[in-house]
Amino acid sequence: MTQEGVIKFQLDWQAGPVIACALRATL
8 MTQEGVIKFQ LDWQAGPVIA CALRATL
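Structure (C-alpha coordinates):
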(Lines of atoms letter the chains of each structure in order from A and count residues from 1; the text may use other names and numbers.)
(Lines give C-alpha, C1' and ligand atoms only; values in the text may rest on other atoms or scores of the structure.)
Protein backbone atom coordinates (compact mmCIF):
# COMPACT_ATOMS: atom_id res chain seq x y z
CA MET A 1 0.00 0.00 0.00
CA THR A 2 1.37 3.41 -0.94
CA GLN A 3 1.78 6.22 1.59
CA GLU A 4 -1.01 8.14 -0.14
CA GLY A 5 -3.27 5.11 0.14
CA VAL A 6 -2.49 4.78 3.86
CA ILE A 7 -3.31 8.46 4.47
CA LYS A 8 -6.57 8.17 2.56
CA PHE A 9 -7.46 5.03 4.52
CA GLN A 10 -6.77 6.79 7.84
CA LEU A 11 -8.84 9.83 6.82
CA ASP A 12 -11.75 7.61 5.75
CA TRP A 13 -11.50 5.62 8.98
CA GLN A 14 -11.53 8.80 11.10
CA ALA A 15 -14.22 10.54 9.05
CA GLY A 16 -16.61 7.57 9.12
CA PRO A 17 -17.90 8.05 12.70
CA VAL A 18 -17.98 11.84 12.26
CA ILE A 19 -20.13 11.56 9.12
CA ALA A 20 -22.40 9.04 10.85
CA CYS A 21 -22.88 11.40 13.81
CA ALA A 22 -23.59 14.31 11.46
CA LEU A 23 -26.19 12.28 9.57
CA ARG A 24 -27.85 11.27 12.85
CA ALA A 25 -27.89 14.90 14.00
CA THR A 26 -29.62 16.07 10.81
CA LEU A 27 -32.19 13.25 10.80
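Under this note's numbering, think of the first position of the sequence shown as 8, with each following residue one higher.
The beta-carbon is built from N, C-alpha and C at its ideal position, and this holds for glycine as well.
Remember, predicted model here, so these are calculated numbers, not experimental data.
For residue i and residue j, what's the separation of their Cα atoms in angstroms?
i: residue 9; j: residue 21; result: 18 Å
i: residue 27; j: residue 14; result: 20 Å
i: residue 23; j: residue 11; result: 18 Å
i: residue 33; j: residue 25; result: 12 Å
Would you identify the three-state DSSP class for residue i, choosing helix, strand or coil?
i: residue 9; result: coil
i: residue 30; result: helix
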